[in-house]
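Worksheet: the structure to be examined is printed underneath.
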Amino acid sequence: MLLNSCNSEKERKLDFDVSGIKLGDFSITRYECDLFSLQPDHIKEGLQAIQQKYWIFLAADLEDTTNLNQIEDFITDPELINAFHETEKKFPDLNSLSSELESAFKYYTHYFPGNLIPQVFTYVSGYQYEYPVQIFDSAIIIGLDVYLGKGFKTYSEIGIPQYKIERMQPDYISIDCMKELALQLLPPSQKTTTFLDEIINLGKVMYFLDATLPKKEDYLKIGYSQEQIKWCSENERNLWAFIIDNQVLFSSDGQIIRKFTNDGPFTAAFSKDAPARLGVWFGWQIVRSYMNYHPEITLAELFRNTDNKLIFSQSKYKPIQ
Numbered sequence: 025m026l027l028n029s030c031n032s033e034k035e036r037k038l039d040f041d042v043s044g045i046k047l048g049d050f051s052i053t054r055y056e057c058d059l060f061s062l063q064p065d066h067i068k069e070g071l072q073a074i075q076q077k078y079w080i081f082l083a084a085d086l087e088d089t090t091n092l093n094q095i096e097d098f099i100t101d102p103e104l105i106n107a108f109h110e111t112e113k114k115f116p117d118l119n120s121l122s123s124e125l126e127s128a129f130k131y132y133t134h135y136f137p138g139n140l141i142p143q144v145f146t147y148v149s150g151y152q153y154e155y156p157v158q159i160f161d162s163a164i165i166i167g168l169d170v171y172l173g174k175g176f177k178t179y180s181e182i183g184i185p186q187y188k189i190e191r192m193q194p195d196y197i198s199i200d201c202m203k204e205l206a207l208q209l210l211p212p213s214q215k216t217t218t219f220l221d222e223i224i225n226l227g228k229v230m231y232f233l234d235a236t237l238p239k240k241e242d243y244l245k246i247g248y249s250q251e252q253i254k255w256c257s258e259n260e261r262n263l264w265a266f267i268i269d270n271q272v273l274f275s276s277d278g279q280i281i282r283k284f285t286n287d288g289p290f291t292a293a294f295s296k297d298a299p300a301r302l303g304v305w306f307g308w309q310i311v312r313s314y315m316n317y318h319p320e321i322t323l324a325e326l327f328r329n330t331d332n333k334l335i336f337s338q339s340k341y342k343p344i345q
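In this text, residue positions in the sequence shown follow this note's numbering: the first is 25, and each later residue adds one.
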């Protein structure tokens, strides 16, 4: 873990035993396997047989021929059939992912004991890389075809940016799932008005990953290379000075905020060596510092706290000299 103004002895222990927490029969349900095994000539009967099991995908009226035709077109599309076969090849089973998510949900239950554990489904999305994981109602749906690995040639052939492709790997599935879950926990009434508000909110999401995926490496959690996260640490002081000197911290200019928080190949305000989303990285360090200085604050309380200025001031965040 990267440390800033906090001494190592103040760092919270987040990796603890959760084996005693019971989730019931946790499993991941693979919609793509049942969907692509349907016979197009009997599409209606096949869908009706699995409709209850895959309620999140099959809420449409199956008596409507338009809906049936759309699904038939989907499962007979050669490119989507190939995506399904590639997904089967890459993920013959989901044992590793299931184990990782089960552990993450146990930590989640520890911190939010009253919250429902969502059902988890996988599917073939048609390479919808902008929405690899989505949450609807009480379900998480994972597009497995956007995690086939950075060497999967189709990604570049259909024009997906390389910086996106770098993260289209199995290691990121659990991270993306828990990140989406964390975003659901931010109070809906919380309106971002400044750069500080935005990066603290995003820092809370990153800290949620610390808490629920404590064994995941930092560079994976933020989606950087190991070299990029090292660069952030080595240049932290100068980067923070730039933010302060240029009056970015309390800016409400949406363009400035997006420049430091949007995804991309780099942060143009600094250099091509600077990874994108540096605001996320700084928010993460601030929230870590705040939580280390305030061991009495629970994760649930952190998410309920909408006073981001107070969090910043009480974090005592100051890059290492």
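Each residue gets a CB set at the ideal place from its N, CA and C atoms; glycine is no exception.
Just so it is clear, the structure is predicted and the values come from calculations on it, not from any experiment.
First and last residue of the uninterrupted beta strand (DSSP E) at residue i
i          : result
residue 73 : Where residue 73 is concerned, there is no enclosing beta strand (DSSP E), although the alpha helix (DSSP H) it sits in stretches over 67-74.
residue 52 : 52-54
Nearest-angstrom Cα separation, counted from residue j out to residue i
i           : j           : result
residue 282 : residue 88  : 43 Å
residue 209 : residue 132 : 11 Å
residue 233 : residue 242 : 9 Å
residue 264 : residue 307 : 11 Å
residue 69  : residue 92  : 10 Å
residue 205 : residue 41  : 22 Å
residue 102 : residue 221 : 46 Å
residue 66  : residue 86  : 12 Å
residue 302 : residue 342 : 16 Å
residue 284 : residue 247 : 15 Å
residue 63  : residue 113 : 21 Å
residue 338 : residue 300 : 27 Å
residue 332 : residue 271 : 17 Å
residue 47  : residue 140 : 10 Å
residue 128 : residue 201 : 10 Å
residue 255 : residue 157 : 29 Å
Extent of the continuous alpha helix (DSSP H) to which residue i belongs
i           : result
residue 206 : 197-209
residue 311 : 302-317
residue 188 : 186-189
residue 325 : 323-328
Nearest-angstrom beta carbon gap, residue j and residue i [assumed within contact, 8 Å]
i           : j           : result
residue 100 : residue 172 : At roughly 21 Å, the Cβ-Cβ gap does not stay under 8 Å, so residue 100 and residue 172 are not in contact.
residue 275 : residue 219 : 5 Å
residue 118 : residue 231 : Not quite, the Cβ-Cβ distance comes to about 27 Å (not below 8 Å), so this is no contact.
residue 154 : residue 174 : In fact, because the Cβ distance is near 17 Å, the residues do not count as touching under 8 Å.
residue 199 : residue 244 : 6 Å
residue 159 : residue 144 : Wrong, their Cβ atoms sit about 10 Å apart, outside the cutoff.
residue 235 : residue 59  : Their Cβ separation, rounded to whole angstroms, is 35 Å, which puts residue 235 and residue 59 out of contact at 8 Å.
One or two residues paired with residue i in a DSSP bridge
i           : result
residue 295 : 291
*Where in the stretch 90-174 do unbroken runs of the beta strand (DSSP E), each at least 3 residues long, occur, reported from the N-terminal end onward?*
143-147, 157-160, 163-167
*Contained alpha helix (DSSP H) runs [length at least 4] in the stretch 231-269, N- to C-terminal order*: 242-246, 250-258, 260-269
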